[in-house]
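Chemist:
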Amino acid sequence: YKRSPFGLTLRELCAHSRKFGDRDFLVYENERCTFEETFAHVDAIAAALVGKYGVKKGDRVAVSARNYPEWCIAFLAAACAGAVVVPVNSLWNGGELEYGMNDSGTKVLFCDQERLDLIAPLLGGKCPGLTAVVAIRSKPSSHALVDSWADVLAAHAGAALPDVDLEQDDDATLFYTSGTTGNPKGTLSTHRA
7 YKRSPFGLTL RELCAHSRKF GDRDFLVYEN ERCTFEETFA HVDAIAAALV
57 GKYGVKKGDR VAVSARNYPE WCIAFLAAAC AGAVVVPVNS LWNGGELEYG
107 MNDSGTKVLF CDQERLDLIA PLLGGKCPGL TAVVAIRSKP SSHALVDSWA
157 DVLAAHAGAA LPDVDLEQDD DATLFYTSGT TGNPKGTLST HRA
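Structure below.
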């Protein structure tokens with residue numbers, strides 16, 4: 007089928023999830039975020055990806071951080087904006103991050119302070135395709151390519167989810183596998199999968 011009745015795009019799945027409104031969606035330590043709050047943040051971050059960072063359908067957007075609520079929001083926002091989400095192993099060292107950013111063709115990276123400390127020396131030169139980093143729960147950075155999550159979220163609060171035409175067979179994720187002695191291999195997966 008062109009539109010399988012058994013599958014949804016990640017964007018359509020998010021649209022269905024919005025109906026749960028004020029129920030808890032994300033719980034992290036003492037923090038709680040409802041479905042409504044979460045998807046308002048997804049909309050804002052997706053709007054920033056498209057409007058501020060120029061992300062287009064098929065561009066790579068990576069997420070590398072601890073299991074913060076922002077990880078989930080960044081993943082959903084990138085998928086809803088039509089990007090291919092690259093969930094990066096948060097245990098990678100600087101060389102592995104450099105490899106992953108370049109091999110995947112990542113344009114925007116969402117990361118926490120630990121990963122920012124590893125990627126900052128690589129920005130501009132060793133990761134030329136990486137045009138922006140959005141830092142989650144981090145100290146202020148003076149690097150021109152680094153924006154804080156809080157600033158990006160505040161600047162796009164209330165924005166609508168950008169219109170992007172997605173199909174079930176469009177690429178949605180690029181996971182890196184291991185199990186060999188060489189570099190990890192990127193494995194594409196679709197919205198249907």
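Counting from 7, one number per residue, gives the positions in the sequence shown under the working numbering.
The beta-carbon is built from N, C-alpha and C at its ideal position, and this holds for glycine as well.
Keep in mind the model is a prediction, meaning the values are calculated, not measured.
Can at least three beta-carbon pairs, one atom from the region 175-194 and one from the region 119-127, be found at a separation below 8 Å?
Modeler: No: the two stretches stay apart, fewer than three of their Cβ pairs being nearer than 8 Å.
Chemist: Relative to the alpha-carbon of S154, which residue among K63, A138, T179, E104 has its alpha-carbon at the smallest distance?
Modeler: It is A138.
Chemist: With a threshold of 8 Å on Cβ separation, who are the neighbours of V61 within its own chain once the five nearest residues in sequence on each side are excluded?
Modeler: If we look at V61 and ignore the five residues flanking it on each side, its Cβ neighbours are L55, V67, A84, A87, G88, A89, K113, V114.
Chemist: Report back the beta-carbon spacing between G106 and W98 to the nearest angstrom; my notes put them in contact at under 8 Å.
Modeler: Right, the Cβ-Cβ distance comes to about 7 Å (below 8 Å), so this counts as a contact.
Chemist: Determine the burial state of R29: buried for a count of at least 16 other Cβ atoms within 10 Å of its Cβ, exposed for fewer.
Modeler: Looking at its Cβ environment, which holds fewer than 16 other Cβ atoms inside 10 Å, R29 is exposed.
Chemist: Do you know how far the Cα of T187 is from the Cα of K63?
Modeler: Their backbone Cα atoms lie some 33 Å apart in a straight line.
Chemist: Taking the alpha carbon of A160 as the point to measure from, which residue in A52, L82, A178, D65 has its own alpha carbon closest?
Modeler: The residue with the shortest Cα to Cα distance from A160 is A52.
Chemist: Measure the alpha-carbon distance for T183 versus D171 and round it to whole angstroms.
Modeler: Those two C-alpha atoms are separated by around 29 Å.
Chemist: Could you check the C-alpha separation between S3 and F116 for me, to the nearest Å?
Modeler: Given that the chain is displayed from residue 7 to residue 199, the structure contains no residue 3 and the question cannot be resolved.
Chemist: Can you grab the Cα-Cα spacing for the pair A166 / A21, in whole Å?
Modeler: Going from the Cα of A166 to the Cα of A21 covers about 12 Å.
Chemist: Using CA coordinates, which residue listed in A50, G100, T40 is at the minimum distance from A126?
Modeler: Nearest C-alpha to A126: G100.
Chemist: Identify the residues that DSSP records as bridge partners of Y34: which are they?
Modeler: Paired residue(s): E37.
Chemist: If we ignore side chains and look at the alpha-carbon of each, how far apart do N108 and D157 end up?
Modeler: Approximately 26 Å, taken between the alpha carbons.
Chemist: Using DSSP's beta-bridge definition, name the partner residues of S195.
Modeler: In the DSSP output, where bridge partners are listed per residue, S195 has T179.
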